[in-house]
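According to my numbering, the sequence shown is numbered sequentially starting from 70.
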Amino acid sequence: MTHKNPGLRESATFDIDTLAEIDRAATTGIYDIRGFGAKRKMPHFDDLLFLGASMSRYPLEGYREKCATDVVLGNRFAKKPIHLDIPVTIAGMSFGALSAYAKEALGRGATQMGTSTTTGDGGMTPEERGHSNKLVYQYLPSRYGMNPDDLRKADAIEIVLGQGAKPGGGGMLLGQKITDRVAQMRTLPKGVDQRSACRHPDWTGPDDLAIKIHELREITDWQVPIYIKVGATRTYYDVKLAVKAGADVIVVDGMQGGTAATQDVFIEHVGIPTLAAIPQAVKALQEMGMHRTVQLIVSGGIRNGADVAKCMALGADAVAIGTAALVALGCNHPKWAEEYQRIGSDAGYYDDYHEGKCPAGISTQDKDLMSRLDPELGGRRLANYLQCMILEAQTIARACGKSHLHNLEPEDLVALSVESAAMAKVPLAGTDWIPGTPFQ
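See the structure below:
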């Protein structure tokens, strides 16, 4: 807020937004719920830079020298690991949170680019399975929509222990989005608010998890990979325990990752940045001799090809995108600006996914709104976006002299701030110093 009186000074602690939130809480007596991810500024991929080739490194020519992007996920134990053409996958987003058309569009776009989608909470829809060449089935604490037949239809299973936007917390789906179809799939009463459990009901630790993984392998005849997804908190220890339990793939979701609905205080104050989580996960895998044997997928705030390349350089095998994929479909598009304003938001600011009023027809179960999303057009838009991300990542990799995205390494990176250097474990730009290590 701008004031004409130059003598007025805003408090850094009790700023205008904080005062407004206190007033809202005092008026309503309930906490604020929203979607999206953390909006506070924190060290992120923009705080890293690549060291392109000049004299001491030899770059590759983009028009005649190949830079490969393929990745194999789940070849530790699975008989049929997943082969992807690109290392950018679509993260789990449920039918219920998203419309059936949105799930179909995600499948269409991912299939066109040779990558995978993920079901999310609430089960597998024919729209998603029918248009996803490679589909990962999420196995969540709620067990909503879960059945062994769908497990056997999946190309991989992802056991969700936590989500970056709300590690330690369960999901929410408000009653206005629980239609007849959603209620039937989740075995819930129609129109009644639903809150998912924060932990699995049939095991309490890594030893029990190992038994559950073995059970899932038996159900699927050891054919498909088993992923374990954790929200980024105590990442080093969580990754080690997940590997010990028998995971083929580890998914680490940083706090910039999005969500359909949870408490605002959760989104902004629980978890650690994606940038801080990656080196912890890589260190854990390296110490166990499992780096690249157990693949690492990173998610949480990934927006462009530079972010993809930086994840690869820090040691990831692939990334997953959620919020960015929805934006590619048309979420928060300016063409719906007037309708966003009518429901108290604006294009670029809309985060009330839980209310089911999405003007773009993506995070809704309203049939009239859903009809606004053309799944074929949405799929093409997503494919275009993925194509652009990969071209950007390849451009950077070639500039660093690398013939595969996986050949990027921490040595190719420097950091712009002490905080980002300490988190990413790469030198501060212009120095050889990594904060936390002795000066050379």
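Idealized CB from N, CA, C, for every residue including glycine.
Option nearest residue i by Cα separation, candidates the options
{"i": "Trp291", "options": "Ala353, Ala429, Ala316", "result": "Ala316"}
{"i": "Ile366", "options": "Pro348, Ile85, Glu445", "result": "Pro348"}
{"i": "Val293", "options": "Leu455, Met241, Asp219", "result": "Asp219"}
{"i": "Arg264", "options": "Ala462, Ile102, Thr304", "result": "Ile102"}
{"i": "Gln253", "options": "Met215, Lys222, Gly274, Cys457", "result": "Met215"}
{"i": "Thr188", "options": "Gly199, Ile85, Lys135", "result": "Gly199"}
{"i": "Lys108", "options": "Asn373, Ile390, Ile159, Gln325", "result": "Gln325"}
{"i": "Pro236", "options": "Asp92, Ala266, Ala179", "result": "Ala266"}
{"i": "Ala466", "options": "Ile85, Asp115, Gly106, Pro128", "result": "Pro128"}
{"i": "Ala160", "options": "Gly323, Arg145, Asp115", "result": "Gly323"}
{"i": "Gly358", "options": "Leu442, Glu461, Arg145", "result": "Arg145"}
{"i": "Ala382", "options": "Glu287, Ile91, His423, Phe114", "result": "Phe114"}
{"i": "Glu173", "options": "Asp481, Gly470, Pro444, Arg449", "result": "Pro444"}
{"i": "Lys436", "options": "Lys352, Arg250, Gly106, Val229", "result": "Arg250"}
{"i": "Thr248", "options": "Ile295, Leu285, Ala166", "result": "Ala166"}
{"i": "Tyr208", "options": "Asp190, Ile503, Gly98, Tyr422", "result": "Asp190"}
{"i": "Lys352", "options": "Gly340, Asp501, Asp307", "result": "Asp307"}
{"i": "Gly447", "options": "Val396, Thr87, Asp84", "result": "Val396"}
{"i": "Leu257", "options": "Gly192, Lys203, Thr302", "result": "Gly192"}
{"i": "Gly430", "options": "Gly413, Trp405, Ser414", "result": "Trp405"}
{"i": "Met241", "options": "Ser163, Leu474, Ile85", "result": "Ser163"}
{"i": "Leu482", "options": "Glu79, Phe119, Asn373", "result": "Phe119"}
{"i": "His152", "options": "Gly178, Gln364, Arg212", "result": "Gln364"}
{"i": "Lys64", "options": "Thr194, Asp84, Gly470", "result": "Outside the modelled stretch of the chain, which goes from 70 to 509, sits residue 64, for which no answer is possible."}
{"i": "Gly370", "options": "Ser432, Arg177, Ala350, Thr392", "result": "Thr392"}
Cβ neighbour criterion (16 or more within 10 Å) applied to residue i
{"i": "Ser123", "result": "exposed"}
{"i": "Val157", "result": "buried"}
{"i": "Gln410", "result": "exposed"}
{"i": "Lys379", "result": "buried"}
{"i": "Val261", "result": "exposed"}
{"i": "His338", "result": "exposed"}
{"i": "Gly121", "result": "exposed"}
{"i": "Glu134", "result": "exposed"}
{"i": "Ala234", "result": "buried"}
{"i": "Asp224", "result": "buried"}
{"i": "Ile341", "result": "buried"}
{"i": "Ser125", "result": "exposed"}
{"i": "Phe335", "result": "buried"}
{"i": "Glu197", "result": "buried"}
Cross-strand partners of residue i (DSSP beta bridge)
{"i": "Met241", "result": "Arg264"}
{"i": "Val140", "result": "Leu153"}
{"i": "Ala389", "result": "Thr158, Ser368"}
{"i": "Gly300", "result": "Asp322"}
{"i": "His57", "result": "The requested residue 57 is not part of the displayed model; the chain covers only 70 to 509."}
{"i": "Phe119", "result": "Leu482"}
{"i": "Ala89", "result": "Beta-bridge pairing links Ala89 to no other residue."}
{"i": "His423", "result": "None, per the DSSP bridge assignment."}
{"i": "Tyr208", "result": "Ile228"}
{"i": "Ile295", "result": "Ile226"}
{"i": "Thr187", "result": "Gly161, Val205"}
Alpha carbon of residue i to alpha carbon of residue j, nearest angstrom
{"i": "Ala375", "j": "Thr464", "result": "9 Å"}
{"i": "Glu488", "j": "Val318", "result": "29 Å"}
{"i": "Gln245", "j": "His283", "result": "38 Å"}
{"i": "Ser440", "j": "Leu117", "result": "41 Å"}
{"i": "Ala394", "j": "Ala468", "result": "27 Å"}
{"i": "Ala46", "j": "Thr180", "result": "The requested residue 46 does not occur in the structure, where the chain is confined to residues 70 to 509."}
{"i": "Ala94", "j": "Ala81", "result": "20 Å"}
{"i": "Arg449", "j": "Ala137", "result": "23 Å"}
{"i": "Ile297", "j": "Tyr132", "result": "39 Å"}
{"i": "Gly239", "j": "Arg268", "result": "8 Å"}
{"i": "Lys309", "j": "Glu478", "result": "22 Å"}
{"i": "Ile155", "j": "Asn476", "result": "14 Å"}
{"i": "Ile459", "j": "Glu480", "result": "21 Å"}
{"i": "Glu424", "j": "Leu243", "result": "7 Å"}
{"i": "Ile295", "j": "Val205", "result": "9 Å"}
{"i": "Lys149", "j": "Lys203", "result": "12 Å"}
{"i": "Thr302", "j": "Ala311", "result": "14 Å"}
{"i": "Lys281", "j": "Trp272", "result": "8 Å"}
{"i": "Thr304", "j": "Ile412", "result": "39 Å"}
{"i": "His473", "j": "Ala462", "result": "10 Å"}
{"i": "Thr362", "j": "Glu408", "result": "48 Å"}
{"i": "Ser211", "j": "Ala484", "result": "40 Å"}
{"i": "Pro496", "j": "Tyr213", "result": "45 Å"}
{"i": "Gln314", "j": "Pro428", "result": "Here residue 314 turns out to be Ala, not Gln, going by the sequence shown. C-alpha separation (whole angstroms): 43 Å."}
{"i": "Ala147", "j": "Ile228", "result": "15 Å"}
{"i": "Pro275", "j": "Gly106", "result": "28 Å"}
{"i": "Gly327", "j": "Lys471", "result": "31 Å"}
{"i": "Val299", "j": "Thr343", "result": "12 Å"}
Any non-hydrogen atom of the ligand GDP within 8 Å of residue i CB
{"i": "Met381", "result": "Summarising the ligand content, the structure contains no ligands, and the ligand GDP is consequently not present."}
Check whether the stretch 417-426 touches the stretch 387-405, taking contact to mean three or more Cβ pairs, one atom from each stretch, closer than 8 Å. yes
Is the stretch 127-142 touching the stretch 385-396, taking contact as three or more C-beta pairs under 8 Å? yes
If contact is defined by three or more beta carbon pairs under 8 Å, each pair taking one atom from either stretch, is the stretch 96-115 in contact with the stretch 323-331? yes
Within the chosen definition, does the stretch 448-456 reach the stretch 176-185 through at least 3 CB pairs nearer than 8 Å? yes
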